[in-house]
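The structure appears right after this line, and notes come after that.
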Amino acid sequence: MNQSNNTINSTEKLLDRNFLYENCSEKLTRLKIVSPAQEYFHLQVYRLKPESNLSLSNLGHINWENLACLAIIYLICYFSMWKGIKTSGKVVWFTALFPYVVLAILMIRGLFLNGSMKGIEYYIRPDLSKLSDASVWVDAASQTFFSLGPGFGVLMAFASYNDFNHNVYRDAMITVAVNSLTSFASGFVIFMFL
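So the sequence shown is numbered by my numbering: it starts at 1391 and just counts up by one.
Structural data, given as structure tokens:
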């Protein structure tokens, strides 16, 4: 994944070079190593020079592409909520179902890739010794809170439009089941492409 826009400090470039020094600890400790993702955001998104740091005094120049995307997103949000719950209910049908279409397309595409079955096998046969690691449980809990969104207010705001005798228990079970199945299917797609 050696990108052409990576600088010499990128870990991708560092892995490509051979260091052959007898005593180079002083030179290597002063070397600033950044991941390709950090470098991409620093150079392409923030539009900063490679030697500068992101700070309040150095925010870089206006990135017009990002500003245009942000304006479009604000317009979409405005028109989605313009007439209240009736309009946003129609938007939710698209935003809830379209990711499943994309997921199905990616799954079909992934099945035809070389080595996709190895990825699926790696996904289905987990390393159970990792369950004793606390960071795995922290990551799982944070993913659950992120995907289900309890306490974010959105679900409670939509639930306030239900009738008083609405079966909330059934809705909660459906939400959890669909979320779990979606996460499981997404795992297949991700591991097919790895």
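Ideal Cβ placement from N, Cα and C applies to all residues, glycine included.
Check                                                                                                                                 : Outcome
Can you tell me where the alpha helix (DSSP H) with G1509 in it begins and where it stops?                                            : 1506–1514
I'd like the span of the alpha helix (DSSP H) that includes F1574, first residue to last.                                             : 1558–1583
Are M1497 and V1579 close, meaning C-beta to C-beta below 7 Å?                                                                        : yes
What are the partner residues of S1425, as DSSP defines its beta bridges?                                                             : DSSP output for S1425 lists no bridge partner at all.
Determine whether the beta carbon atoms of Y1436 and G1450 lie at a separation below 7 Å.                                             : yes
For a test of the three-state rule: what should DSSP assign to N1552, helix, strand or coil?                                          : coil
If distances are taken between C-alpha atoms only, which option among N1569, M1546, V1568 comes closest to V1591?                     : Any answer about residue 1591 is impossible in this case: the structure gives the chain only from 1391 up to 1584.
Run the CB neighbour count on E1429, radius 10 Å, all protein chains shown included, and call it buried at 16 or more, exposed below. : buried
So, are the CB atoms of G1500 and F1583 less than 7 Å apart?                                                                          : yes
Under the three-state reduction of DSSP, which class applies to S1445: helix, strand or coil?                                         : strand
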